[in-house]
Amino acid sequence: MGNWLVNHWFSAAVVAAWLGINIFLFTYYFLFFDRNEQYFYTREILGSALAWARASAKCLNFNSMLILLPVCRNLLSFLRGTCACCRRTLRKQLDHNLAFHKLVAYALALFTAVHTIAHLFNLERYNCSQQAPGGSLAAIVSKLHLQGNNWLNPIHSNHTTPEYVAFTTIPGLTGVIITLALILMVTSSTEFIRRNYFEVFWYTHHLFIVYFAGLIIHGIAGLVRGQTPQSMREAPPRLCAPCLLDRDCGYCCCKEPEFGSIPAEVGGLRSGGMWTLVLELQLQKKGFRMEVGQYIFVNCPAVSLLEWHPFTLTSAPEEDFFSIHIRAAGDWTEGVIDTFQQRTEMPRIKVDGPFGTASEDVFQYEVAMLVGAGIGVTPFASILKSIWYKFQHADQALKTKKIYFYWLCRDTGAFAWFNDLLASLEQKMAESGKADFLTYRLFLTGWDTSIANNAALNFDTVTDTVTGLRHKTIFGRPMWNTEFAAVATAHPRSVVGVFLCGPEALAKSLQRSCHQHSSLDPRKVQFYFNKENF
Amino acid sequence: MGQIEWAMWANEQALAAGLIMLTGGIVAVAGQFKGWYFAAYAIAAGVFVCLLEYPRSRRQKGSTMERCGQRYMTAVLKVFGPLTRNYYVRAILHAALAVPAGFLLSTILGTVCLGIASGIYLLAAVRGEEWRPIEQKPRARPHVGDTIKQPPSNPPPRPPADARKRPPAELGGQVNPAAVEAE
Numbered sequence: 001m002g003n004w005l006v007n008h009w010f011s012a013a014v015v016a017a018w019l020g021i022n023i024f025l026f027t028y029y030f031l032f033f034d035r036n037e038q039y040f041y042t043r044e045i046l047g048s049a050l051a052w053a054r055a056s057a058k059c060l061n062f063n064s065m066l067i068l069l070p071v072c073r074n075l076l077s078f079l080r081g082t083c084a085c086c087r088r089t090l091r092k093q094l095d096h097n098l099a100f101h102k103l104v105a106y107a108l109a110l111f112t113a114v115h116t117i118a119h120l121f122n123l124e125r126y127n128c129s130q131q132a133p134g135g136s137l138a139a140i141v142s143k144l145h146l147q148g149n150n151w152l153n154p155i156h157s158n159h160t161t162p163e164y165v166a167f168t169t170i171p172g173l174t175g176v177i178i179t180l181a182l183i184l185m186v187t188s189s190t191e192f193i194r195r196n197y198f199e200v201f202w203y204t205h206h207l208f209i210v211y212f213a214g215l216i217i218h219g220i221a222g223l224v225r226g227q228t229p230q231s232m233r234e235a236p237p238r239l240c241a242p243c244l245l246d247r248d249c250g251y252c253c254c255k256e257p258e259f260g261s262i263p264a265e266v267g268g269l270r271s272g273g274m275w276t277l278v279l280e281l282q283l284q285k286k287g288f289r290m291e292v293g294q295y296i297f298v299n300c301p302a303v304s305l306l307e308w309h310p311f312t313l314t315s316a317p318e319e320d321f322f323s324i325h326i327r328a329a330g331d332w333t334e335g336v337i338d339t340f341q342q343r344t345e346m347p348r349i350k351v352d353g354p355f356g357t358a359s360e361d362v363f364q365y366e367v368a369m370l371v372g373a374g375i376g377v378t379p380f381a382s383i384l385k386s387i388w389y390k391f392q393h394a395d396q397a398l399k400t401k402k403i404y405f406y407w408l409c410r411d412t413g414a415f416a417w418f419n420d421l422l423a424s425l426e427q428k429m430a431e432s433g434k435a436d437f438l439t440y441r442l443f444l445t446g447w448d449t450s451i452a453n454n455a456a457l458n459f460d461t462v463t464d465t466v467t468g469l470r471h472k473t474i475f476g477r478p479m480w481n482t483e484f485a486a487v488a489t490a491h492p493r494s495v496v497g498v499f500l501c502g503p504e505a506l507a508k509s510l511q512r513s514c515h516q517h518s519s520l521d522p523r524k525v526q527f528y529f530n531k532e533n534f
Numbered sequence: 001m002g003q004i005e006w007a008m009w010a011n012e013q014a015l016a017a018g019l020i021m022l023t024g025g026i027v028a029v030a031g032q033f034k035g036w037y038f039a040a041y042a043i044a045a046g047v048f049v050c051l052l053e054y055p056r057s058r059r060q061k062g063s064t065m066e067r068c069g070q071r072y073m074t075a076v077l078k079v080f081g082p083l084t085r086n087y088y089v090r091a092i093l094h095a096a097l098a099v100p101a102g103f104l105l106s107t108i109l110g111t112v113c114l115g116i117a118s119g120i121y122l123l124a125a126v127r128g129e130e131w132r133p134i135e136q137k138p139r140a141r142p143h144v145g146d147t148i149k150q151p152p153s154n155p156p157p158r159p160p161a162d163a164r165k166r167p168p169a170e171l172g173g174q175v176n177p178a179a180v181e182a183e
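Laid out in structure tokens, this is it:
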């Protein structure tokens with residue numbers, strides 16, 4: 001428990017603050033509309049549904065303001081870069097931006113439901129009061145519009161239905177439209193649809209423009225009214241209400257109450273190196289600056305005008321070009337690879353970015369454990385190259401003294417280019433005599449008996465038979481307990497950063513290992529877990 | 001974009017529409033709004049749509065995550081054959097179910113959502129999609145006993161005792177077919 005708190009205190013604090021603000025807003029405005037004398041007559045017609053509707057409206061405003069912030073990529077990159085203090089804590093919090101966005105979205109859905117149901121009651125009660133025979137205070141107050149310009153009940157006809165009123169007033173119509181937009185956004189963003197039919201989610205989610213446009217004009221008409229301050233002084237409701245009912249009241253001069261609205265309230269270079277359908281694209285652009293592990297969005301008009309796909313940059317910032325590796329994994333990627341194969345000149349490519357990730361922290365740790373699973377190995381290409389360049393030039397900003405790199409994949413077929421990178425790094429390190437700066441292990445999880453037999457037969461060769469690298473390939477999954485224990489023993493007083501780019505299940509087990517092997521004494525070995533997800 | 005199965009989104013939308021219609025109906029009945037009998041209909045229609053849409057169809061490619069406890073309704077839906085398999089039928093059914101709820105404000109949101117789901121199902125039907133039940137493949141668990149290889153119960157066959165005696169070592173240990181001269 002102590003370890004969980006140390007690792008998650010900031011996230012818990014942010015969620016607690018958000019929840020606290022929501023609860024405060026709801027309770028404060030609920031009591032305001034339920035108790036305030038200004039709305040005495042309104043409450044005569046509507047009952048407590050007024051307070052429910054207004055309180056949930058305030059919370060909707062608050063959450064609508066927040067929902068866009070966690071998904072503004074440029075804003076997040078800016079925050080990651082400029083914050084001088086508590087950098088690591090802030091960056092780890094920004095990793096959870098999508099989780100926060102979803103939390104706020106759930107709150108929006110809940111408050112929308114409350115607000116809509118409350119207004120359904122409101123409209124029904126306005127309509128009933130308008131059609132009720134005289135006598136009750138609600139009926140009298142509803143008919144004020146017959147005597148002049150003063151009105152409390154927005155429904156002025158007694159032959160209408162709530163449905164007709166809803167669709168002929170601005171708040172009603174915009175309310176229906178934005179609720180519909182919200183519902184469509186929610187149904188197309190379930191995990192099932194997101195994972196399997198991403199375009200449905202992506203294009204439907206742009207309905208947020210309709211949502212915000214409608215939200216801004218939703219409250220403009222000011223249909224819900226309270227008593228004006230001047231009228232409150234001249235005809236206080238508790239004293240003067242009996243007058244309206246033609247009963248005797250102790251106050252001698254009660255004027256008729258007057259009502260006013262609540263004021264509406266209202267973000268190439270070249271293509272080369274094809275290997276088992278992986279395309280390496282090296283590009284150059286004036287003024288392009290990148291950090292390690294960042295990603296860019298790429299669009300190829302020749303393949304599709306509207307689709308932008310994210311790719312991690314695989315080059316280091318020290319190189320004079322930037323590169324990505326595109327693997328054939330669907331419609332668009334196959335289309336791009338085909339285009340490059342068939343045309344002699346390079347097709348036009350548009351690039352958006354680069355956008356930041358957690359990997360920029362890797363140089364701050366004395367010891368770094370980098371875990372890349374499958375396609376998740378790509379950001380580490382950039383990191384390893386950059387670390388090597390920095391090491392060569394004895395860069396002072398590089399605090400890293402030792403790197404452990406774990407590469408997990410089913411088979412190395414699609415990542416042969418990464419293989420070559422490791423081989424060349426190995427060679428350069430051996431030449432400079434710093435062969436123990438980087439220790440890497442490759443785990444092949446998709447082995448069969450023939451591969452294992454082959455490995456057993458060639459047990460005593462210097463290089464590995466599968467990869468040709470100096471470190472032997474290990475078959476099966478890594479035993480994290482052993483690995484973490486070994487690192488903790490070798491570096492008993494260091495701060496170790498664990499970086500993962502891979503599946504959720506692996507993240508959980510690495511996080512558990514970090515908690516288990518971090519010492520409670522802050523001077524001894526500490527493991528910090530960082531995760532990048534796509 | 002060519003591989004989108006619209007029926008999957010239509011299914012999520014229809015399920016949501018069913019719930020919204022149900023909620024709107026409950027609100028109107030509980031509040032005894034004017035015309036609350038439309039709301040009573042909406043409750044029934046909402047429950048029916050939810051039950052119909054709960055079992056997810058199998059995806060065309062790859063494995064499908066099924067909803068918790070959906071196999072009971074899957075069994076029911078399979079009985080109706082083409083009525084539940086064909087998406088034209090579903091599109092028309094949802095459009096028809098949606099209309100009566102459109103007369104009351106509380107349930108009109110359910111109407112519009114179900115109408116949209118009906119439209120997406122129509123698109124799915126035009127593209128030839130069908131509802132297919134998710135079958136549970138019986139996992140053949142290998143009996144643990146099969147994987148344990150028993151040691152052989154018989155010794156390896158050996159030649160008879162006199163053949164086991166080694167022949168006397170020859171000079172050089174090898175008989176050359178052709179004469180060889182050491183250089």
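Protein sequence lines correspond, in order, to chains A and B. The first sequence begins at 1 in this note's numbering and counts up one residue at a time. The second sequence begins at 1 in this note's numbering and counts up one residue at a time. Note that CB positions come from ideal geometry on N, CA and C, so glycine has one too.
- With a threshold of 8 Å between beta carbons, methionine 73 (chain B) makes no contact with chain A.
- Aspartate 411 (chain A) places its beta carbon 8 Å or farther from that of glycine 374 (chain A).
- Counting only runs of 3+ residues, no beta strand (DSSP E) is found wholly inside the region 28-78 of chain A.
- Per DSSP, the continuous alpha helix (DSSP H) segment holding proline 171 (chain A) begins and ends at 170-187.
- At a Cβ-Cβ threshold of 8 Å, valine 336 (chain A) and leucine 279 (chain A) count as neighbours.
- DSSP places isoleucine 349 (chain A) in the coil class of the three-state scheme, outside both helix and strand.
- Residues of chain A with a Cβ closer than 8 Å to the Cβ of cysteine 113 (chain B) are, in chain order, Leu180 and Ile183.
- In this structure, DSSP gives glycine 433 (chain A) a state outside helix and strand, which the three-state scheme calls coil.
- Look at the beta carbons and you see the region 11-23 of chain B touching the region 179-198 of chain A: at least three pairs across the two are nearer than 8 Å.
- In chain order, Arg56 and Ile134 place their CB closer than 7 Å to the CB of glutamate 66 (chain B), counting only its own chain and leaving out the 5 sequence neighbours on each side.
- Methionine 369 (chain A): member of the beta strand (DSSP E) spanning 367-373, first to last residue.
- For cysteine 501 (chain A), the enclosing beta strand (DSSP E) covers residues 495-501.
- Apart from the 5 residues on each side of it in sequence, leucine 244 (chain A) sits with its Cβ closer than 6 Å to the Cβ of Ile140 in its chain, given in chain order.
- In the three-state reduction of the DSSP assignment, glutamine 32 (chain B) falls in the coil class.
- For the region 158-171 of chain A, residues whose beta-carbon sits nearer than 8 Å to a beta-carbon of chain B comprise Thr161, Pro162, Glu163 and Ala166.
- Nearest to aspartate 352 (chain A) by C-alpha distance, out of A:Leu510, A:Phe297 and A:Asn3, is A:Phe297.
- In the DSSP annotation of this structure, the continuous segment of the beta strand (DSSP E) that includes histidine 309 (chain A) starts and ends at 309-312.
- With the rule of 3 Cβ pairs closer than 8 Å, the region 27-36 of chain B counts as touching the region 114-127 of chain A.
- Counting along the chain, asparagine 481 (chain A) sits inside the alpha helix (DSSP H) bounded by residues 480-490.
- Within chain A, the C-beta atoms nearer than 7 Å to that of serine 106 (chain B) come from Leu120, in chain order.
- In the three-state reduction of the DSSP assignment, valine 89 (chain B) falls in the helix class, which pools H, G and I.
- Secondary structure at proline 354 (chain A): strand, using DSSP grouped into helix, strand and coil.
- Taking a beta-carbon distance threshold of 8 Å, arginine 58 (chain B) does not count as an interface residue toward chain A.
- Chain order gives no chain A residues near glycine 69 (chain B), where near means a beta carbon separation below 8 Å; the closest approach is about 16 Å.
- DSSP places glutamine 342 (chain A) within a helical segment (H, G or I) once states are collapsed to three.
- Your pair threonine 84 (chain B) and tryptophan 131 (chain B) checks out as a contact, with CB atoms roughly 6 Å apart and the cut at 8 Å.
- Of the candidates A:Thr339, A:Ala105 and A:Thr174, A:Ala105 places its Cα closest to the Cα of threonine 187 (chain A).
- Judged by DSSP in its simplified three-state form, threonine 473 (chain A) adopts strand.
- Nearest to alanine 91 (chain B) by C-alpha distance, out of B:Pro155, B:Val29, B:Ala44 and B:Val126, is B:Val126.
- Closest option to alanine 118 (chain A), judged by alpha-carbon separation, among A:Arg73, A:Asn61 and A:Gly47: A:Gly47.
- If the five residues before and after phenylalanine 26 (chain A) are omitted, its C-beta is found closer than 6 Å to the C-beta atoms of Ala55 and Cys59, all from its own chain and listed in chain order.
- Counting C-beta pairs closer than 8 Å gives fewer than three between the region 95-103 of chain A and the region 160-180 of chain A, which falls short of the contact rule.
- Cβ neighbours of leucine 306 (chain A) within its own chain (closer than 6 Å, five residues either side excluded): none.
- DSSP, reduced to helix, strand and coil, places tryptophan 151 (chain A) outside both helices and strands of the structure shown, so it counts as coil.
- For valine 292 (chain A), there are no neighbours in chain B by C-beta distance under 8 Å, as the nearest C-beta there is about 33 Å away.
- Closest option to asparagine 153 (chain A), judged by alpha-carbon separation, among A:Val362, A:Thr204, A:Cys409 and A:Tyr39: A:Tyr39.
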